[in-house]
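Shown next, in structure tokens, is the structure this report addresses.
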Amino acid sequence: MLLQLNNIFKWVNAGGQRLFLLKDVNLEVNEGEFISVMGPSGSGKSTLLNVIGMLDGFDEGEYHFLDESVHNLKEKHRANLYKEYIGFVFQSYHLLDELTVQENLEMPLLYKKYRGSERKAKVADMLDRFNIVGKKDLFPSQLSGGQQQLVGIARALISNPKLILADEPTGNLNSKQGEEIMDLFKQLNEEGVTIIQVTHSEKNAEYGSRIINLLDGRMV
Amino acid sequence: MWRNEIKLAQRKLWHKKRSSLTKLFSLILGTVCLFYISIYIHQELSFDTFHKNTSKIVKVNTAIKSPTGDLALGLTAIPVGPYLKSNAPQVQDFVRINKAFGNHAIKQGNKVFSESENIYYADPSFFKLFDFNVLTGNKESALEGPNNMVLTRRAAMRYFGTVDALNKVLIFDGEPYTITGIVENLPSNSHLQFDFLISMETFLKDRSDANDNWGWFPMNTYLLLNDAAAMAHIGEALKKVPEYQERADTEDQYFLSAEPMKGLHFSEVKLGELGPKEKRSNLYILFGIGLMILLLAISNFINLTTAQVSVQGKDVSIKKTLGASKKDVFRQFFIESTVLTALATFIAMAIIVLSFSYFEDFVGYSVDISFLSHPLVFIALPLIPIVLSLMGGIYPAIMFARIPSIYAPVLGSKPSSPFNMRNSLLAFQFSITSILIICSVIIYHQLDFVRSQDLGMDTKQKLVLDYGSNAEIGNSYEALKEMLGEIPGVESVTFSSHVPGQIPNGVYTQITDVNGKRSSGEINLNLVDYDFIQDYGLQMIAGRGFRREDAAQDPVLILNEAAVHAFGYDDPEDILGASFEQWGGNGRVVGVIKDFNYLSLHEDVGLLSLKIWPEQFMKITFEIAEANIGTTLNSLETKWASLYPDIPFNHYFVDDNFRAQYEKDEQFSMIINVFTIISLCIGILGLVAYANFWCERRRKEMSIRKVLGANISRLIWNLYQGFSLPVLFGFFLAVPVSYYFANQWLQGFAYKFELNWHFFVVPFIILLLFVWMAVGMQTIRLAISNPVDALKEE
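As they're listed, the protein sequences go chains A and B. The first sequence stops at residue 204 when you use our numbering, and every number in between is there. The second sequence stops at residue 829 when you use our numbering, and every number in between is there.
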């Protein structure tokens, strides 16, 4: 078992009323799973992903990640935990504009005290694996959307995470590019990486081994 | 890691060229300004500190209290120094210095120059008290014996073309002097400034009775005390001088006081003192301005960096998601600031190195910057960018570090509050700029006022030939006057001891006052010939002017109105015929002239008397026809050279001479103007760059308003309002401060215009126009842009 959410509640106070973003969410994810989270806009998909990614807190419930009780951890430990085990992929790629492809890939390693030579090796490895060696000195604005997302995924993978969280990874891509990205996810999953993706597309959801449906913060 | 961060910082700065350049430019200006101001202040504070005895030297002053007024002299009588040396145990030695008055012809071979203000007579102990670098000659004995002279390197080069001039001879006012020593050119931070140092024995040899004269004050007297502690007791010793104890036979009383050499440069101005004076408060103001300009630059820095939150906030969030800690983010932004400040410091240093000679030209002296090669400076130099980025970079870096990993665009200060950090900084910037603008407008106006004021005399086209004191010329002046008057282009010729713009000698004068009693006071005396009043366009208001035959008869005196009132007369007619005694001459007052400003408008019209005394004439004033000035000048010079080959044709125009009195004011005005422009530049540049970001942030809001039907002019007005508010606020902060400073400055003038609201409203409108121009283009572009572009979702 990779992670377990027990009775997770998250709310905001708006106009004197409690507005629930997540309501009694229970979820168990095992290593090697490929989960698709679906649901209409505002149903809490992204919030759930952020909670799992430890970028966002929650108000009630328990969250266990690899035998650590996340709800009891201090922020610093929590940050260390997700730095170590989780990679993020975003709908709008979120590459840093001022950095080249190579430097964007190197970025996560900088925050993990790798030695320079080690970083170089890992980056070269990743460029090779994704077949983007020729693009290593280009800036994100010089790439197509699909290529940018490819870099985004490579960046998420570079520190060997156990879990990839992807928030609508193909949302900004055309269908052909989207298909390629989804194939890549499938392949990664087969190599042993656990993936949780948020998607609107039935077709993309099919790539997963399990589908979770959310409605108004509740699992249905 | 570090290399990465620095590379990233460089790329980012390049990417945001506009705001980076603005930040860079502001920081460079701020650093250069503060550097020069610091150099200037260092120079002023270091005055006279290079003598190893500085802390043990005091200067003796004499204060005179008399019924007609008190007088503070920076001088003493001749016997004071020797008396104190032999009677006060604290006094180890003394030196007396007398500055030669007026112009003197100095000749070597066929070189003749007119020298003034740079000739001192001094006791042999001069080099014992003061550490000037004697190149050749014997320090101890150079100033012993009569007719011996020490030169500076500069003077030696001028007359001999070499420093090797020991034992050579110079002709000074017709008498031969032996060169007994050469000193290095004097440092500019010395209040003693001479080129010729003549032995005191020369001064005293024709004045045998001067050694016992306690009522004549020609000497700057300095005492060398045993130690610095004796400073506290020297005052006691000065009170015991028997000649200055209270006496029954005179109402005048003399008091001696000691003043440490250390603060001499900053003390009150006293009559006859050597060297320039500076007000300590001026230094504080200047330093304040320098600091303010640097703060302006830094607030630009803060403002422009925090304005990027909306643009860069997302990047920070991404980095945090990728594992960056608060510390990482903080460090990155801090490094970014430091890269910029380091670059700014580097460029500033380069600019300073390149522009240093202009700075020296501007202040008018060469600055000793040897302290800049001190190793501490090299250690301190890298601290400048660090301090700068500590001041300007910390706040934004903290702000960025606080951005959470899930990016939410509503960050930083709320735009609705008028008192948020950014608006406060803008208000602060514009209050400084406003203070400077208001002050420079007021200073400009006052100087203009001073220049255009009717002085009560005619100074146009008046050329002065300053031949120095020469009784021979004076005694035969009438013939000379006729001869020179015949030169074509010369319209009139008049002789005098002083011309307007120069302080005449103040002399002790007794006149029968309105109650018929003998009353005494100090009155400035200008010795003139019978045409002076007419040639200078002075107006008689009572009695008669001078006549040609007055010179041969009993002395007659003409007073100005101020002097008439000082002796109690309301009607100038009443003083006519009153008897006077002045400089040993007795006679009657025959006329009264209307007050005219013979000195700068800093001062009230002083008491003035005019008398004919040809022997004392030193100057010839020619009124010259406007046409062919050059030719007239040439023929005058040729004529003069043929008549007196040994006396240099030293000439100037009265107008220029008079204006020279405002040189310091003009320099001050110039400094303020420069700073005003710099601060305006920094302020406006910052505003332009800030407006750029600000419009970016409000693009969406403006587009929504437009889609909902707002009209363009209303939108522009709306945007202008956002910028005008801080300006308005800053301006109101500036009004009382600048009112205070301007008033303080105006106090230095006896004649000044009345401050009114114009001087505040006009700068405000100027400022507002600048601001609107700065933000105008961008706001208009924003207001007319297509709303669809901004409302497109990602």
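No residue lacks a Cβ here, since even glycine has one placed at the ideal position from N, Cα and C.
### Task
Could you round the C-beta distance between phenylalanine 25 of chain B and alanine 432 of chain B to whole angstroms and report it? I think they count as a contact, below 8 Å.
Absent from the structure is residue 25 of chain B, since the part of chain B shown begins at 36 and ends at 829.
### Contacts around aspartate 630 of chain B, its chain only, beta-carbon distance under 8 Å, and the 5 residues preceding and following it disregarded
The count along the second sequence starts at 1 and reaches residue 630 of chain B at position 595. Annotation for aspartate 630 of chain B: Gly491, Asn595, Glu596, Ala597 and Val640 place their beta carbon closer than 8 Å to its own, counting only its chain and skipping 5 residues before and after.
#### Entry: Per-residue burial, valine 797 of chain B [other beta carbons within 10 Å of its own, 16 or more giving buried]
Mapped onto the second sequence, residue 797 of chain B falls at position 762. It counts as exposed.
#### Entry: Closest Cα partner of valine 73 of chain A within the set A:Thr154, A:Asn197 and A:Met203
Residue mapping note: residue 73 of chain A aligns to position 89 of the first sequence, counting from 1. It is A:Thr154 whose Cα lies nearest to the Cα of valine 73 of chain A.
### Query
Who pairs with histidine 48 of chain A in a beta bridge, going by DSSP?
Residue 48 of chain A sits at position 64 when you count from the first residue of the first sequence. Bridge partners of histidine 48 of chain A: A:Gln(-12) and A:Ser53.
### Query
Do isoleucine 180 of chain A and leucine 50 of chain A come within 9 Å of each other at the CB atom, strictly closer than that value?
Start at 1 with the first residue of the first sequence, and residue 50 of chain A comes out as number 66. Start at 1 with the first residue of the first sequence, and residue 180 of chain A comes out as number 196. No, they are not a contact pair.
#### Entry: Straight-line gap, aspartate 121 of chain A to valine 85 of chain A (C-alpha atoms, nearest Å)
The residue given as residue 121 of chain A occupies position 137 in the first sequence. The residue given as residue 85 of chain A occupies position 101 in the first sequence. Cα to Cα, aspartate 121 of chain A sits roughly 6 Å from valine 85 of chain A.
### Task
Could you tell me whether the Cβ atoms of threonine 547 of chain B and serine 614 of chain B are closer together than 9 Å?
By one-based count along the second sequence, residue 547 of chain B stands at place 512. By one-based count along the second sequence, residue 614 of chain B stands at place 579. Cβ distance < 9 Å, so threonine 547 of chain B and serine 614 of chain B count as in contact.
### Within 9 Å, strictly: CB atoms of isoleucine 233 of chain B and phenylalanine 195 of chain B
Locating residue 233 of chain B in the second sequence gives position 198, counting from the first residue. Locating residue 195 of chain B in the second sequence gives position 160, counting from the first residue. Result no, Cβ atoms of isoleucine 233 of chain B and phenylalanine 195 of chain B do not sit closer than 9 Å.
### Message
Can you check whether the C-beta of serine 143 of chain A is within less than 9 Å of a C-beta belonging to chain B?
### Response
Against the first sequence, residue 143 of chain A aligns to sequence position 159. So yes, serine 143 of chain A belongs to the interface.
### Task
Determine the DSSP secondary structure at glycine 447 of chain B, reduced to helix, strand or coil.
By one-based count along the second sequence, residue 447 of chain B stands at place 412. Note that glycine 447 of chain B has pLDDT 40, beneath the 50 cutoff, so the model's placement of it is unreliable and the number below is only indicative. Coil at glycine 447 of chain B, not helix or strand.
### Query
First and last residue of the beta strand (DSSP E) that includes glycine 216 of chain B?
As a position in the second sequence, residue 216 of chain B is number 181, starting the count at 1. Following the DSSP letters along the chain, one finds glycine 216 of chain B inside the beta strand (DSSP E) bounded by residues 210 to 218.
### Task
Establish whether the CB of glutamate 90 of chain A and some CB of chain B are separated by less than 9 Å.
Position 106 of the first sequence, counting from 1, holds the residue named residue 90 of chain A. Interface annotation, glutamate 90 of chain A: in contact with chain B, CB-CB separation under 9 Å.
#### Entry: Completely contained alpha helix (DSSP H) runs for the stretch 649 to 687 of chain B, where each covers 4 or more residues
Within the stretch 649 to 687 of chain B, the complete alpha helix (DSSP H) runs of at least 4 residues fall at 664 to 678.
### Task
Identify which residue in A:Asn173, A:Lys187, A:Ile137 and A:His184 has its Cα closest to the Cα of glycine 16 of chain A.
Position 32 of the first sequence holds residue 16 of chain A. For the residues A:Asn173, A:Lys187, A:Ile137 and A:His184, the minimum Cα distance to glycine 16 of chain A belongs to A:Asn173.
### Task
Closer than 8 Å by C-beta to isoleucine 713 of chain B: which residues in its own chain qualify, once you throw out the five before and the five after it? Chain order, please.
The sequence position of residue 713 of chain B within the second sequence is 678, counting from 1. Excluding sequence neighbours, isoleucine 713 of chain B sits near Leu64, Cys68 and Ile328.
### Task
Give the DSSP bridge partners of valine 95 of chain B, in chain order.
Against the second sequence, residue 95 of chain B aligns to sequence position 60. Looking at the DSSP assignment, valine 95 of chain B forms a beta bridge with B:Thr256 and B:Ala293.
### Task
Report the residue ranges of all alpha helix (DSSP H) runs contained in full by the stretch 467 to 554 of chain B; include only those spanning at least 4 residues, in chain order.
For the alpha helix (DSSP H) assignment, the uninterrupted runs of no fewer than 4 residues enclosed by the stretch 467 to 554 of chain B are, from N- to C-terminal side, 506 to 510 and 512 to 520.
### Query
What does alanine 359 of chain B reach in chain A if we use C-beta pairs closer than 7 Å?
As a first step, residue 359 of chain B is located in the second sequence; it is residue number 324 there, counting from the start. The contacting residues are Tyr95.
### Query
Taking proline 295 of chain B as the reference, which of B:Glu281, B:Pro277 and B:His268 has the closest Cα?
As a working note, residue 295 of chain B is residue 260 in the second sequence. Taking only the C-alpha atoms, the option nearest proline 295 of chain B is B:His268.
### Task
Report the rounded CA-to-CA distance for phenylalanine 301 of chain B versus proline 277 of chain B, giving the unit in angstroms.
Here the question's residue 301 of chain B lines up with position 266 in the second sequence. Here the question's residue 277 of chain B lines up with position 242 in the second sequence. Their Cα atoms are separated by approximately 31 Å.
### Message
Check this for me: beta carbons of valine 802 of chain B and arginine 733 of chain B, under 9 Å apart or not?
### Response
As a first step, residue 802 of chain B must be located in the second sequence, where it is residue number 767. As a first step, residue 733 of chain B must be located in the second sequence, where it is residue number 698. According to the sequence provided, residue 802 of chain B is leucine. The question's valine does not apply to it. For leucine 802 of chain B and arginine 733 of chain B, no; Cβs fall outside 9 Å.
### Query
Just to confirm, are asparagine 224 of chain B and glutamine 45 of chain B a CB contact at a threshold of 9 Å?
Taking the first residue of the second sequence as 1, we reach residue 224 of chain B at position 189. Taking the first residue of the second sequence as 1, we reach residue 45 of chain B at position 10. With contacts defined by Cβ atoms closer than 9 Å, asparagine 224 of chain B and glutamine 45 of chain B do not form a contacting pair.
### Task
Could you spell out the range, first to last residue, of the beta strand (DSSP E) harbouring threonine 178 of chain A?
Translated into positions along the first sequence, residue 178 of chain A becomes position 194. Looking at the DSSP string, the run of the beta strand (DSSP E) that includes threonine 178 of chain A is 178 to 182.
### Task
Could you tell me whether any non-hydrogen atom of the ligand NAP is closer than 8 Å to the CB of alanine 432 of chain B?
This structure simply doesn't include the ligand NAP, nor any ligand for that matter.
### Task
For phenylalanine 165 of chain B, I'd like the list of residues in its chain whose CB is within less than 6 Å of its CB, leaving aside the five on either flank, ordered along the chain.
For this step, residue 165 of chain B is matched to residue 130 along the second sequence. Here the set comprises His86.
### Task
Could you have a look at alanine 577 of chain B and say whether DSSP puts it in helix, strand or coil?
As a working note, residue 577 of chain B is residue 542 in the second sequence. Correct three-state label for alanine 577 of chain B: strand.
### Query
Taking three-plus beta-carbon pairs below 8 Å as touching, is the stretch 619 to 628 of chain B in contact with the stretch 518 to 528 of chain B?
No, they do not touch.
### Query
With a CB to CB cut of under 7 Å and the five nearest residues on each side skipped, what residues in its chain are close to serine 448 of chain B?
Mapped onto the second sequence, residue 448 of chain B falls at position 413. For serine 448 of chain B, the pLDDT reaches just 40, beneath the cut-off of 50, and the residue's location in the model is therefore unreliable, leaving the point undetermined.
### Query
Looking at the unbroken alpha helix (DSSP H) that takes in threonine 66 of chain B, where does it start and where does it end?
Walking along the second sequence from the start, residue 66 of chain B turns up at place 31. Run containing threonine 66 of chain B: 52 to 80, per the alpha helix (DSSP H) assignment.
### Query
Is valine 445 of chain B buried or exposed, if buried means 16 or more other CB atoms sit within 10 Å of its CB?
Within the second sequence, residue 445 of chain B is the residue found at index 410, counting from 1. Residue placement at valine 445 of chain B is flagged as unreliable, the pLDDT there being 46, under the threshold of 50; the coordinate-derived value follows with that caveat. With fewer than 16 Cβ atoms within 10 Å of its Cβ, valine 445 of chain B is classed as exposed.
### Query
Can you tell which of B:Leu273, B:Asp158, B:Gln343 and B:Asp105 has its C-alpha closest to the C-alpha of valine 126 of chain B?
Sequence index remark: in the second sequence, residue 126 of chain B carries index 91 (1-based). Cα-wise, what sits closest to valine 126 of chain B is B:Leu273.
### Task
Compute the Euclidean distance between the alpha carbons of leucine 127 of chain A and leucine 134 of chain A, then round it to the nearest angstrom.
Residue 127 of chain A sits at position 143 when you count from the first residue of the first sequence. Residue 134 of chain A sits at position 150 when you count from the first residue of the first sequence. Each residue's alpha carbon lies about 10 Å from the other.
### Query
Taking the C-alpha atoms as reference points, what is the distance between isoleucine 717 of chain B and phenylalanine 652 of chain B?
As a working mapping, residue 717 of chain B is identified with position 682 in the second sequence. As a working mapping, residue 652 of chain B is identified with position 617 in the second sequence. When rounded, the distance between both Cα atoms is 55 Å.
#### Entry: According to DSSP, residues forming a beta bridge with lysine 142 of chain B
What you label residue 142 of chain B is simply residue 107 of the second sequence in a count that begins at 1. Answer is B:Val147 and B:Ile206.
### Query
How many Å lie between serine 532 of chain B and valine 402 of chain B at the Cα?
Locating residue 532 of chain B in the second sequence gives position 497, counting from the first residue. Locating residue 402 of chain B in the second sequence gives position 367, counting from the first residue. CA-CA distance, serine 532 of chain B to valine 402 of chain B, rounds to 36 Å.
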